[in-house]
Structure formats: C-alpha cells, structure tokens
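Trainee: Let me begin by handing over the structure; questions about it come next.
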Amino acid sequence: MTPASPPDDNPLGEGLDQLPPPSSVLVIFGGTGNLSKLKLLPALYNLAHDGALPERFGLVAVAMDDLTDEQYRELVREAVTRNSRRPCDELVLETFLSTISFVSGGFEEDAAYAELAPRLKALDDRAGQRLNRIFYLSTAPRFFGTIIEQLGVHGLSDRSGSDVRVIVEKPFGTTKAEALALNARILKVLREEQVYRIDHYLGKETVQNLLALRFANGLFEPIWNRNHIQSVQITAGESVGVGGRAGYYDTSGALRDLVQNHLLQLLCNLAMEPPTTFTADDIRTEKVKVLRAITPIDPDRIEEIAVRGRYGPGSIGGEEVRGYLEEPDVPETSTTETFVALRLEVDTWRWAGVPFYIRTGKRISRKLTEIAVTLKPVPHNAFDGAVVEPNQIVFSIQPDEHVSIKLAAKVPGSGMNLRPVTMDFSYGTAFLSASPEAYERLITDAMRGDATLFTRADEVEAQWTVMDPILTAWGRSSAPPDEYPAGSSGPRTARRILLPGDRWRAI
Amino acid sequence: MAGAESTGAAPPVPGSATAVEHTVWQQDDVDPGAVEEAMRALEHERFRRRRSALPARALNLVVVVDAAFTGEVARRLDGVGRNAPSRTILVRVHVRRARLSARVTVATVEEGTTEESSTEQVTVDIAERHLTRLASIVDPMVMTDVPTLLWAPHGHHVAVEALGELGQTVLLDSGDAADVPSGLNDAQHLIDEHALSIVDLSWLRATPWRQRLAAHFEPVQRRPELWRISDVQVRHQPGSEAAAWLFLGWLGDRLGWVPEHGRTRDATGDEVGLRLSPADVGVQGLAGATLTTRDGASFALDRGRGGLRAARTDVYSAALEHSSTERQWTVLGASRGEAGVLGRALRRTLVPDDGYIGALATARRLLSCS
C-alpha cells in the first residue's frame, strides 16, 4: 500500500457495518402529505438517530402549502414525535430539523423549481462539495411525469460530479398503456439507472429473507418445484376499510392497489430462479423472467381464474361496520373491487401445473400478509385411517415476521394418531434486534445507489401485462363485484377458482 | 412443580423491560441437571398458558459476578432492551458457600402486536472453589446450537478460562485493567491461548468514530489523504485510554503503519505523530480525534449536541498564494450511552467484527513503542 497505488476499496471500511451513504440532499415532493408525515419523515429521523444518514445531509420539502421553513420544521417535529418507532432524542431531533428547508409551490409551476435550484446550490456551497441529489416523488401519480420533466427543464435531472436519482412512489400507472407512457416520459429525461420505482414491500425483512431461505439452505431448493409443491397461496388481508382513502381507492381497487405491485413481487421472489449474483440487475432480470412466464390470461375465461368482491356491512372486532358503498365519498354506482382472488400459472419447467393463488381484501377478518407453500401429499399413507395433512411452509410478512413449517407428528398415546404441528422461526426471537422500517432501508439504498429493492421499467411493464386482461374483462362486465360481509374471509365465490383438492387457508 | 415460587404479572427481569408475565422456580442444594429440568418444565407451563409465545433462541450469556455486586450488573443488563440475550446465566460467586442454589425466571416478552417470546434467566449461587469446575455447572444450562457469550466483569479470569470450551466469545472491557498494556494483553491472551473471539467494550465505544471517519474518506477523491496523514491526535475520557489506543491501532492496522524505535512510520516510511490527551467529558470513550495531513489539511470530530461535530480544513496552494478554508457541521446521531454499548456488544457476538484482531495487535505494538 503506497501513495502511488492506493487501494480501490476504502481501507477504513473493512469490519464495519455498512457505512452511511454518500453525502446527499433529499428533496421530497409532497413533503406535507400523509406518506411523508406517517413514514418518510419518521424514517429519516430514525436514520439520523442511528447515525445512518450521510455525513453531509440536507432535506428540502416541496409542497403547495404556504409555509415558512420554520413552520415546516414544526410540522416535521409533530410528525416525527407522533410516528417515530422510537422515542425522540430532543438533541438529535433539533439538529435534524436544522437540516430541513421548505419550498412552497405547485409541482407544475416553474417558480417552485426556480426556487429549488438555488437552495440546492447553497447546500452544495455550504458542504464544499457537489452533494448527490435524491428527488422523492411522494405526490399524486398525475404529477410524476410533470415533476421529472420540470427537473429536466430546470437542469436538475443530471450533472457531472455527483449523482441524481429519482424515487417514484406507487402507483406506477393504472394500466399497461399508462405505465408504458409514464416510463417513456421519465426515460426521456432520466436514464433507467437514475429511476427508483418504490415498492415498500421489498424493504421488508421477511421478503428479503425469502431469498435467503431459498438460496442459502440446501433444505428448500431441491423441493422447490412442481414435483414437490402442490400449490402456493399469497394472501394480503386487512381488517380496515377504505377509511379516508375512498377518493383514491375507488379509482384504483384491490387489483391495482396491492396485486399489481406488492403481491406480484412476492410471487416473483418465491418463484424466481437463483440469480447469478445478488446484484440489482441480476435479481431483477430473474424476476422479469417469472412475470413473462405467467400464462397470459384470456379475458373471455376470466371467471375461471379470477373473482372480485366488495365488502358489505358486517362486524369487525365486535363492532358493526358499514359496507363499501356506504363509505363516505364512494359513488353509489361504484363497481370497484375491494377483494380479489386469482389463480395464476408460471409456465416454466420448474413451475408448470402449480397453481399460484393470490388473495387480497379489505375488511376481512384480520390483518395478515403471508405466503403459504403447500407440498404434495406423501405418496403412500402407511398410517391406517389417519389423516396425513400435507406439509406447509408459511412465510408471514405482516403483522409479525416469521416462518413456520407444518409437519405431521404423532399424538402421544398408545395409538398411531397424527396431528399437524408447527416449527416456528420468528424474527423477534431469533435475532436480537428489531427489523428496521422498510422505508428506512429503501431510502438509504436509494442514497447509496443500490436499486436491488426497486422495480425496473421492464418489470413494471411485465406486471401490467399480467394485470391488463383482468382489468379489460372486468371493465367489460356490468355485473357488480360479489359481496362479502365485512369481517369474513371474502366472498364464497372465491372457491370457484380453486383446483380440485385445493382449499383456501383460513385467515 | 417442586420449588416453584410464583406465576403472574412480572417485575422486569434484566434486559426484558417489556416482560408481561414471568414464572419462577428456585431451589437450594440443587444439581445443575435439576435446573435444566426445571427450565424445561417452566417452558412447557408457559407454553400451555400462552401458546403464541415462542422461546427466544439467539444468544446465551453467562455472567460471572461477585455476589455482592449482582445488582450493578443486573442494572447494566436492564438497559439493553431489545438486545437482551435469550438466556442469561448469572453465576454469583460467594467467598464461602457449601452448596449450589439456583433460581430460574422465564419471562414472556411482548414482540410487536400479536407475538410474544420468552427469555430466561438462571441465577446460580456458587462458592469460589467451584470456579475452576464451572463448566460442569453451567454446561447443562446453556441452550445448544446458539452462540454463548462469557462475561466476568469483576475479573474472574479463572471462570472465563474454565468456561472457554463452552463459549465462543468473551465480553470484556480492556479499559478495566490496572493499566492499558495489561488490558490489551489479556485480550490477546484469550485470542491466542483459548481461541476465543473477543467483544471489547472499549473497542465498541469507538465504533461511531471509526464509522464516521471511514465515511469521510469514502469518496475516492479524498482517499489519497489517508496516505498523507502526518499527525493523529485522540482526545479521550481519562478512564478510556484503552479505547484511544485501540482507535489508533485500527488506523495503524488499516493504513499499514509500522512502529519502530520509538516512532511510527507510514507505509512510505514517513513519520506519523500520535498524541493522546485526556479530556473532561462525562461519558466513557473518545472525546474527539483530529487527523492532519502533510500538506496541512485536517479533519476533526468531537462530541457535540445531537451528534459529532465535524470540522474540515482544506489547504489550497496556487502559484505564490496559500490559503485555507474551514467548514464545520454536525454528523447526526444519538449518543448510545453505556447501555447502548453493551447492547451493541451482545449483537456483535452474532456478527463478529473482523477489524478488532488487527487493531488490537497494532495497538499493542504502538503502545510498546511509545
């Protein structure tokens, strides 16, 4: 090691946990919105608390509200105090607030960008270096294209000597045509490697752990195929209704809100082939292959593979709750689905013939997100008369992060009676520390330039290719979604899409 | 159950501030096998009543303490929160004691919204004469197949050596020794003679400093400055000189410094000045560090409000003009306090820090040369 040949790697980095990201300024468009208040600002505070923000860091919020810097800092203080996962350290919070400034303006107006540019330059000057710039679009989707174009017009989309990245929130289009058009608009201004399409499910430890369990354990991979797996069920349920989001939700529905992004991501993580390396592009390439292998859906045969439902009045937690059509801001004529059940097939050597069931709903009996892999039954039941249930491997993502394996075991006693038992692995008990919030992980990854947990353009397009025929079929139908009582596990008609011998897991 | 004392709402056991229920078993004149049997029985009993609770399976911690100072250690463990070991075996050493006695507490701990886990604490009272045979007492009580961390904060080295086969890692504070060389040599002895990994609290107290220094030199354009360092000044709390030497050892190890004939030279043979100075700060560990390069640039970190106060001086030479600029800022981060350092130490047992061995060896060489 000599001055003439310094090492490529930072010699001080070895042995340390991951270093903080490079010095950056984060610009949040929509800095006064719900997502900012509930997730982004508390995530940034927690990163500050942990010493995980960049050495030089600045936060600029842009929103239409007429606020001063000081007023915005008060908003941040309240949001962080209310929503942080840990009690606030007053000294850290004060110092964190001092890094924040606010730009008031409409996202379509030049004035906001004209004011933003000198703010960013001032932060560079103060730091004595060109800070990386991360623009976080936490706005209504209709502004995504406009903001990126405005960044281009005002010379903020690229520059030498530092990196510029844009994080785009979901939803990314509402149809394939929209997604294609949005990608085209974005990629006129930015290069693909600058675009970080967020899906916060990918920031969850259990989702990442799916890959670790599959590819770091000899136990699972030999049976991870059509020879041993009977079916896969992916369930995401919520006991809450649409609440104050009816305006958005009624234009979206369960398919667009959860299936197109989160649940297809889970399917991809479960079904993908081992990537050559665990780099962003290798992983995302394998996920795209899965999406492209999903058997195209025939809109004329939609009844065979898809069910849509809508919650009616019922009870949750012992309290009566109203049906979807009675929710405020939901039009009487709405045909929006609050429940979806699908049967998909991944037409590859590994998965041919294995049904992938996807189910999601609002106002079902409880909140949970899980993936259940059911193995084929044993070929011969040697236990005369005993019912031998097939093994199941269940990855639970919400509300608790754990993995369980259902096995058959002998009930103690003189007879050979069998009963299913579970072996559990829980994040809360197997590791000493809590999982970080998904947004903390994703924001630092974006600042670091690691796109592994973000969705690539071809990936989002492939997702919509799967979803579009379903939307087409439902758009043609005048029939309302099948009603299910709030607090149930969905409409009874969901059984219709199950193959013989399969059944929905109890929620 | 014989010896069962109580079941009910819990006062917290060390490290489990969110305990919602505990069950207790205790017995005098007990043999270790009976303790293990009692733990299993308590676990079954707990599971029968709270099926959602899973036994935690991450880490055994064996702590050997002077009986008179048990409370102090329990208080330190109280503060580690979520980093609490799954099973703590607290061995209380009495000067004289005829027989063993033991107490087992199984605490059910809330984990998020619906899930619970259980952590266990075994308190064993022994006599000093038992120390050399301590493995035969503790062995039946540790969970197999999870890492075991040994900690003797009151200096029972005999116990640590007796338990060496049982544990993989020793928790120590090299700053607790009578002098810095002894503390660092003791750590080296455990590595060399007993093949144990070390988690050193003095080393961990310097972790945020190492992390921030490494981050500062992460940009490629700053990297060459590391090879032009001419002077390092480390400010430390008066009782934390070991932490300062380990910090210097880390820098020296990473940058290839060679101590010889009372001087330290960098990889090109140029001399590097090393200075340690005590500073009046209320917390253990480092108080500040300044790195200066041969061309006069410098980077300093010091304790500040809401994080570390950073200052960087850049020097510019153009034709005959020579000028410099200084910038100051705060690197955000909360002080973890001693409880946070201990919590980090417990976590480090699961994720070993490869940097320590080189830093320790270089610190000892620098120290012997100083």
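Residue numbers (the numbering used here), protein chains in the order written: chain H, 8 to 514; chain F, 1376 to 1745. Don't be surprised by glycine CBs; every beta carbon is placed ideally from N, CA and C.
Is residue 1734/F helix, strand or coil by DSSP?
Mentor: Note: residue 1734/F maps to helix in three-state DSSP.
Trainee: Quick one: residues in its chain with C-beta nearer than 7 Å to the C-beta of residue 33/H, no 5 flanking neighbours on either side, listed in chain order?
Mentor: 66, 141 and 143, listed in sequence order.
Trainee: Name the residues in the stretch 81–110 of chain H whose C-beta lies less than 7 Å from a C-beta of chain F; which are they?
Mentor: For the stretch 81–110 of chain H, which is checked against every Cβ of chain F, the residues closer than 7 Å are 96, 98, 99, 101, 102 and 103.
Trainee: DSSP three-state label for residue 1399/F, please.
Mentor: Strand.
Trainee: Rank 1435/F, 1483/F and 1521/F by C-alpha distance to the C-alpha of residue 1465/F and give the top, closest one.
Mentor: Out of 1435/F, 1483/F and 1521/F, 1435/F has the C-alpha closest to the C-alpha of residue 1465/F.
Trainee: So, is the C-beta of residue 382/H closer than 8 Å to a C-beta in chain F?
Mentor: False, the Cβ-Cβ gap to chain F never drops below 8 Å.
Trainee: Can you tell which of 1502/F, 1470/F, 1585/F and 1452/F has its C-alpha closest to the C-alpha of residue 1728/F?
Mentor: The residue with the shortest Cα to Cα distance from residue 1728/F is 1585/F.
Trainee: Is the beta carbon of residue 517/H less than 8 Å from the beta carbon of residue 469/H?
Mentor: Outside the displayed span of chain H (8 to 514) sits residue 517/H, for which this structure offers no information.
Trainee: Helix, strand or coil for residue 1611/F? Go by DSSP, reduced to three states.
Mentor: In the structure shown, residue 1611/F sits in a strand (DSSP, three-state: E or B).
Trainee: Output yes or no for whether 8 Å exceeds the beta carbon distance between residue 448/H and residue 210/H.
Mentor: Yes, the Cβ-Cβ distance between residue 448/H and residue 210/H is below 8 Å.
Trainee: For the candidate residues 1633/F, 1411/F, 1567/F and 1712/F, whose alpha-carbon lies nearest to that of residue 1518/F?
Mentor: Out of 1633/F, 1411/F, 1567/F and 1712/F, 1411/F has the C-alpha closest to the C-alpha of residue 1518/F.
Trainee: If the cut is a Cβ gap below 7 Å, which residues of chain F does residue 50/H touch?
Mentor: Chain F residues near residue 50/H: none, gap ~14 Å exceeds 7 Å.
Trainee: For residue 199/H, which residues of its own chain have a beta-carbon under 8 Å away from its beta-carbon, when the five flanking residues on both sides are left out?
Mentor: Within the same chain, residue 199/H has close Cβ partners 463 and 464.
Trainee: Select from 201/H, 389/H, 167/H and 213/H the residue whose C-alpha is nearest the C-alpha of residue 276/H.
Mentor: Cα-wise, what sits closest to residue 276/H is 213/H.
Trainee: Kindly indicate the opening and closing residues of the beta strand (DSSP E) around residue 323/H.
Mentor: Residues 321–323.
Trainee: Can you find the residues in the same chain that come closer than 8 Å, C-beta to C-beta, to residue 1744/F, ignoring five residues on each side of it along the sequence?
Mentor: Only 1634, 1635, 1636, 1637, 1638 and 1639 meet the Cβ criterion.
Trainee: Within the 8 Å Cβ cut-off, does residue 60/H reach chain F?
Mentor: Interface residue, yes.
Trainee: Output yes if chain H places a C-beta closer than 8 Å to the C-beta of residue 1546/F; else output no.
Mentor: No, residue 1546/F lies away from the interface with chain H (no Cβ there is under 8 Å from its Cβ).
Trainee: Kindly give me the distance between the Cβ atoms of residue 1459/F and residue 1483/F, rounded to whole angstroms, as I take these residues to be in contact under 8 Å.
Mentor: Contact flag wrong, Cβ pair sits at about 13 Å.
Trainee: Indicate whether at least one CB of chain H lies closer than 8 Å to the CB of residue 1392/F.
Mentor: Any answer about residue 1392/F is weak, because its pLDDT of 42 lies below 50 and its placement is not dependable; what the coordinates show is given next. Taking Cβ atoms only, chain H never reaches closer than 8 Å to residue 1392/F, which makes this a no.
Trainee: Determine the direct distance from the alpha carbon of residue 458/H to that of residue 191/H, and round the result to whole angstroms.
Mentor: Each residue's Cα considered, the two are about 19 Å apart.
Trainee: Just to check my reading of the structure: residue 315/H and residue 489/H have Cβ atoms closer than 8 Å, yes? What is that Cβ distance to the nearest angstrom?
Mentor: Indeed they touch by this definition, with Cβ atoms about 7 Å apart.
Trainee: I need the straight-line Cα distance from residue 1461/F to residue 400/H, nearest angstrom please.
Mentor: Going from the Cα of residue 1461/F to the Cα of residue 400/H covers about 25 Å.
Trainee: DSSP has residue 1687/F in a bridge; who is on the other side?
Mentor: 1674/F and 1702/F.
Trainee: For the alpha helix (DSSP H) containing residue 1584/F, list its first residue and its last residue.
Mentor: Note, residue 1584/F: alpha helix (DSSP H), 1582–1591.
Trainee: Any contact between the stretch 1603–1610 of chain F and the stretch 1567–1574 of chain F? By contact I mean 3 or more CB pairs, one from each, below 8 Å.
Mentor: At 8 Å Cβ cutoff, the stretches do not touch.
Trainee: As a quick exercise: from 78/H, 232/H, 431/H and 475/H, pick the residue whose alpha carbon is nearest that of residue 266/H.
Mentor: The option with the nearest alpha carbon to residue 266/H is 475/H.
Trainee: Count the other CB atoms, across all protein chains shown, that sit within 10 Å of the CB of residue 369/H; report buried if there are 16 or more and exposed otherwise.
Mentor: Result: buried.
Trainee: Would you kindly report the start and end of the unbroken alpha helix (DSSP H) that includes residue 467/H?
Mentor: Where residue 467/H is concerned, the enclosing alpha helix (DSSP H) stretches over 464–483.
Trainee: Just by C-beta distance, which residues in the stretch 1563–1596 of chain F are closer than 8 Å to chain H?
Mentor: Going along the stretch 1563–1596 of chain F in chain order, one finds 1582, 1583, 1585, 1586, 1587, 1588, 1589, 1590, 1591, 1592, 1593 and 1594 with a Cβ nearer than 8 Å to chain H.
Trainee: State the start and end residues of the unbroken alpha helix (DSSP H) segment that holds residue 452/H.
Mentor: Unbroken alpha helix (DSSP H) run through residue 452/H: 445–455.
Trainee: Please state whether DSSP places residue 24/H in a helix, a strand or coil.
Mentor: Residue 24/H: coil per DSSP, three-state reduction.
Trainee: Does the count of Cβ pairs from the stretch 45–57 of chain H and the stretch 390–410 of chain H closer than 8 Å reach three?
Mentor: Not touching, per the Cβ criterion.
Trainee: Leaving out the 5 sequence neighbours to the left and right, which residues in its chain are closer than 7 Å to residue 118/H when beta-carbon positions are compared?
Mentor: For residue 118/H, where only same-chain residues beyond five positions count, the Cβ hits under 7 Å are 112.
Trainee: Please list the partners that residue 1478/F has in chain H, where partner means a Cβ-to-Cβ separation under 7 Å.
Mentor: Within 7 Å Cβ-Cβ: nothing; residue 1478/F doesn't reach chain H, min ~23 Å.
Trainee: Short of 9 Å Cβ to Cβ, which residues in the stretch 1677–1709 of chain F face chain H?
Mentor: Answer in chain order: 1679, 1680, 1681, 1682, 1683, 1685, 1687, 1689, 1700, 1702, 1704, 1705, 1706, 1707, 1708 and 1709.
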